[in-house]
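Protein chains: 2
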Amino acid sequence: MISQTAVTALSEKLGRKNVLSEKEDLLTLGYDATPGLSALPDIAVYPTRLEELLFALQVARDEGLAVVPRGSGTGLSGGSVPHKGGMVLCLGRMNRILEIDEANLTATVEPGVITLDLFDAVMAKGLFYPPDPGSQKVSTLGGNVMENAGGLRGLKYGVTRDYVMALQCVLPDGSVIDTGGKNVKDVAGYAFKDLLVGSEGTLGVISQITVRLIPPPRSKKTLLAYFDTMPKAGEAVTRIIAARIIPSTLEIMDRTTMICVEEHAGIGLPLEMAALLLIEVDGHPAAVEEEATAVRTVLQQAGAAEIKLAADADEAASLAAARRTALSALARKSPTTILEDATVPRSKLADTFAEIERLAEKYRLVVGTFGHAGDGNLHPTVLCDERDRGEMERTHAFYEELYEKVLAWGGTVSGEHGIGLAKKAFLARQIGPAGIAVMRRIKNSFDPRGMLNPGKIIMEE
Amino acid sequence: MISQTAVTALSEKLGRKNVLSEKEDLLTLGYDATPGLSALPDIAVYPTRLEELLFALQVARDEGLAVVPRGSGTGLSGGSVPHKGGMVLCLGRMNRILEIDEANLTATVEPGVITLDLFDAVMAKGLFYPPDPGSQKVSTLGGNVMENAGGLRGLKYGVTRDYVMALQCVLPDGSVIDTGGKNVKDVAGYAFKDLLVGSEGTLGVISQITVRLIPPPRSKKTLLAYFDTMPKAGEAVTRIIAARIIPSTLEIMDRTTMICVEEHAGIGLPLEMAALLLIEVDGHPAAVEEEATAVRTVLQQAGAAEIKLAADADEAASLAAARRTALSALARKSPTTILEDATVPRSKLADTFAEIERLAEKYRLVVGTFGHAGDGNLHPTVLCDERDRGEMERTHAFYEELYEKVLAWGGTVSGEHGIGLAKKAFLARQIGPAGIAVMRRIKNSFDPRGMLNPGKIIMEE
């Protein structure tokens, strides 16, 4: 519980419209995009500048409140769910693009800037910010950094981590550290910046971000390939990489996903097929031309039933957009959608498809699988109904058994969605007691009082 | 001091040839490539497998010895100097390439593998490991990871950090953690792996490394440009990047360095010139052709006095090799060579050249400057004599004043050489008390007894 004095002080400092304390306002800040998780915070604040952020943290310290930082709430592991109540620290109103530095190829932003807004702003200057998480139209850079968000272009261009050059971070004790800079190389001291990326709001609150930009690719081509079995599609992925081609995008959808996307987007997908690969190659026009031809040959050899080349940029964009709707298309089909984030070394992709199929049958579940095949990063999605207890139990058994295999194959329980509340038990299995012990010590070293996003990522003792 | 019992136990377990305890043997393990720093350890051990490494650490714990991990001792900041005595843990005999995985594009090695050996081994399979520190013929991967080594290809391809996918790490308490994997994306838990990279042997001992490989560029072209003033060369660098060209290599040498390299390598450098840029563009042949032409145009516009295109791969290789001799060529000229590692945002490059020139004059010093201009990473090198106390004082004053500017411009005190013993005071100035406090807490969380490489990186209280 927060005292009335504290609420008043926050309203005075931040302005009344930037402080929410009524239950009906707070309800919408109790969940993110993870199904089945919600909670009611005691208060929500929207600082608009660093000074206000520091003040809010000071109040939280004085009142002994848990603090849960929040961007747009698009997270898929419960990372911004205030399950212990306390203060939701909404960073969406710290949303200025502070600088685009064309000489150093960097952009500096506040954490609440929308991912796609940054992309558009730098593109207007002939520069390119590659990370493109599925939620890029609403997600914030702060959230992207805290979750180390991936996206469709990860295979060739890497993920958010690969673009973060500097962070300004407020520690739970109120000290502000600046880590990294605009230097292309920097080995001065421990890599805080790299530790903060992906720390899911448990070590500090990011108040400023500097990212690296690159020249955009001059050309790209988009191909679609349909397969009559999933293993053939998996084999095609393996062969593309074996041919030493790194596409910018190499996405997969199974039939269940295709059916939902088709209902949603109506782009004429052939629903008798078992799988679709969406492949984008980009770069110098001559390289793109050759790679597209090479990819087509590999796809034929791998037994693709049909291969289409997008006629123009519009068609390519509509295909990519259709892929981006996969999750929402699946979500429309059933009351509950449990989306997972299993990731395996690429060589285990075909085995993983087979295992998902086997387990879906074993547990009598409808599973739609889509994801970043080139990264080995799959999103098997169970279409279910949380009111059906038996089905939910089977869903959990499905994931238990799947993750056991994924871990045995050297995979990871999360490729890009994070651990949050949803996957703490799986993480403990993956990194073992020694790993959890180090995490706990690191957490304590940043946040000895356990104020920041408590109970997230690390299993409680 | 180590007990005789412990020496005997180590000899029995590791074999006599893998344990050194005689002063004359230990002398050579008391320094690295940093001038002016040396010390005598109590014992040196060469484990050949993980079990022996764990045993050696156990003995060190029991005997209360400091442990200083060491690769080939090519470090340039004193990171492997055993200035508190204790045990030097030489990892050079754990030097097997364990696997090159062509399906997942990874290589897994022991820490003692020589950088160039890995490069050659993967190139034989048509793959590419880009990081190429100056010392790649002798340096080890373990050392590269611990120092986050850079190299000549950093501008386009990044540094060691960008290629480390997984580490096996032995913590000071003897627990072994595996962090990362062959997954292209992995957000499971805190990024230990990224924290360990560049931690200079102060948090754990790396016992196994998995790196990412990429397809090699199909073509490259090498250009040389001479300038009659340093500012013109700096301007050329700025203009190349402004033209949205990212060369794989963009190196600079000033006249002092050119003179020394010419004496050493005799490749016909025009010594009346003030600066040389060595530029390599690589990738698809058509892209390389266009970029080489565009670079040539930019160089002309920036006022290059002469531009040469390497006639063939051999000529290109000899130019790159000549650049790699810069440090040893300078080192032959004077009894002492103090090499620095100042790095600035690229836009401050020309200012930094001017400042180096001004300060060299002010302090009456001979300074040769070379480095990775495209990265803003310069190695101003004072040619001096450590027996001349006045000159050494002026050298230190030179660096003091230079780093003050570098930091004011948002630069860093180390781009690629690390902090070690040599730069602790500068680091404290760069990251401030809050930064140092966090470092100390992280160090304690990994190594509460301060056994591993004590007194390095962080200023003692």
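Just so you know, the protein sequences line up as chains A and B, in that order. Heads up, the first sequence is in UniProt numbering, so the first residue is 1 and it goes up one at a time. Heads up, the second sequence is in UniProt numbering, so the first residue is 1 and it goes up one at a time. Here a beta-carbon is modelled for each residue, glycine too, at the ideal position from N, C-alpha and C. Quantities reported herein were computed from a predicted structural model and do not represent experimental measurements.
Residue 101 (chain B) bridges to which residues according to DSSP? B:106
Hey, residue 340 (chain B) and residue 372 (chain B): beta-carbon distance below 9 Å or not? no
Residue 98 (chain B): buried (16+ other C-beta within 10 angstroms of its C-beta) or exposed? Burial check for residue 98 (chain B): the Cβ neighbour count within 10 Å stays below 16, so the residue is exposed.
Using DSSP with H/G/I as helix, E/B as strand and the rest coil, what is residue 315 (chain A)? If DSSP states are grouped into helix, strand and coil, residue 315 (chain A) belongs with the helices.
If you measure beta-carbon to beta-carbon, which residues of the segment 244-265 of chain A are closer than 7 Å to chain B? 244, 246
Closer than 8 Å is the cut-off here; do at least three beta carbon pairs connect the segment 7-15 of chain B with the segment 215-222 of chain A? no
Do residue 435 (chain B) and residue 227 (chain A) have their C-beta atoms closer together than 9 Å? With contacts defined by Cβ atoms closer than 9 Å, residue 435 (chain B) and residue 227 (chain A) do not form a contacting pair.
I want to see whether chain A comes within less than 9 Å of residue 185 (chain B), judged by CB atoms only; does it? yes
Expressed to the nearest angstrom, what Euclidean distance is found between the alpha-carbon atoms of residue 344 (chain A) and residue 412 (chain A)? 6 Å
Leaving out five residues on either side along the sequence, give the residues of the same chain with a beta carbon under 7 Å from the beta carbon of residue 52 (chain A). 13, 14
Residues of the segment 279-305 of chain B with Cβ closer than 8 Å to any Cβ of chain A, in chain order: Listed in sequence order: 283, 284, 285, 286, 287, 290.
Looking only at its own chain, which residues have a Cβ that is under 8 Å from the Cβ of residue 37 (chain A), when we skip the five neighbours before and after it? Within the same chain, residue 37 (chain A) has close Cβ partners 31, 78, 81, 83, 421, 422.
Between residue 190 (chain A) and chain B, is any beta-carbon pair separated by less than 9 Å? yes
Looking at the structure shown, is residue 368 (chain A) part of a helix, part of a strand, or coil, going by DSSP? strand
By the DSSP assignment, the beta strand (DSSP E) with residue 179 (chain A) in it spans what residues? First-last of the beta strand (DSSP E) with residue 179 (chain A): 176-180.
Going straight from the alpha carbon of residue 41 (chain B) to that of residue 408 (chain B), what length do you get? 39 Å
How would you label residue 300 (chain B), buried or exposed, when you count the other beta carbons within 10 angstroms and need 16 or more for buried? exposed
Can you tell me whether residue 317 (chain B) is buried or exposed, with buried defined as 16 or more other CB within 10 angstroms of its CB? exposed
What residues in its chain sit with their C-beta under 6 Å from that of residue 18 (chain A), if we drop five residues either side in the sequence? 46
Apply the 10 Å Cβ neighbour rule to residue 362 (chain A) and answer buried if 16 or more other Cβ atoms are within range, or exposed otherwise. exposed
State yes or no: is the beta carbon of residue 206 (chain B) nearer than 9 Å to at least one beta carbon in chain A? Against chain A, the CB of residue 206 (chain B) has no partner CB under 9 Å away; the residue lies outside that interface.
Inter-residue spacing [alpha-carbon to alpha-carbon] between residue 454 (chain A) and residue 416 (chain A): Annotation: residue 454 (chain A) to residue 416 (chain A) spans about 21 Å, alpha carbon to alpha carbon.
Is residue 280 (chain B) closer than 9 Å to residue 221 (chain B) when the C-beta atoms are compared? Contact flag set, yes.
First and last residue of the beta strand (DSSP E) that includes residue 227 (chain B)? Here the beta strand (DSSP E) through residue 227 (chain B) covers 219-227.
Residue 153 (chain A) touches chain B at which residues, Cβ-Cβ below 9 Å? Correct list: empty, because the minimum Cβ distance to chain B is about 12 Å.
Delimiting residues of the beta strand (DSSP E) encompassing residue 168 (chain A): 164-170
Segment contact, 8 Å Cβ cut-off, at least three pairs: the segment 206-213 of chain A with the segment 99-110 of chain A: yes
Roughly how many angstroms separate the alpha carbons of residue 310 (chain A) and residue 292 (chain A), rounded to a whole number? 11 Å
Less than 9 Å between CB atoms is the rule here; does residue 147 (chain A) satisfy it with respect to chain B? yes
For my contact list, residue 195 (chain B) and residue 195 (chain A) are in at a C-beta cut-off of 8 Å; report their separation, rounded to the angstrom. 5 Å
Where does the unbroken beta strand (DSSP E) through residue 281 (chain B) begin, and where does it stop? 275-283
In whole angstroms, what is the alpha-carbon distance linking residue 262 (chain A) and residue 268 (chain A)? 7 Å
From B:451, B:320, B:48, B:353, residue whose alpha carbon lies closest to that of residue 63 (chain B): B:451
CB contact check: residue 29 (chain B) to chain A, cutoff 9 Å: Answer no: the Cβ-Cβ gap between residue 29 (chain B) and chain A never drops below 9 Å.
Neighbouring residues, chain B, relative to residue 468 (chain A) (Cβ below 9 Å): Since the first residue of chain A shown is 1 and the last is 461, residue 468 (chain A) is not available in this structure.
Who are the Cβ neighbours of residue 233 (chain B) in its own chain at under 7 Å, not counting the five residues just before and after it? 227, 252, 275, 277
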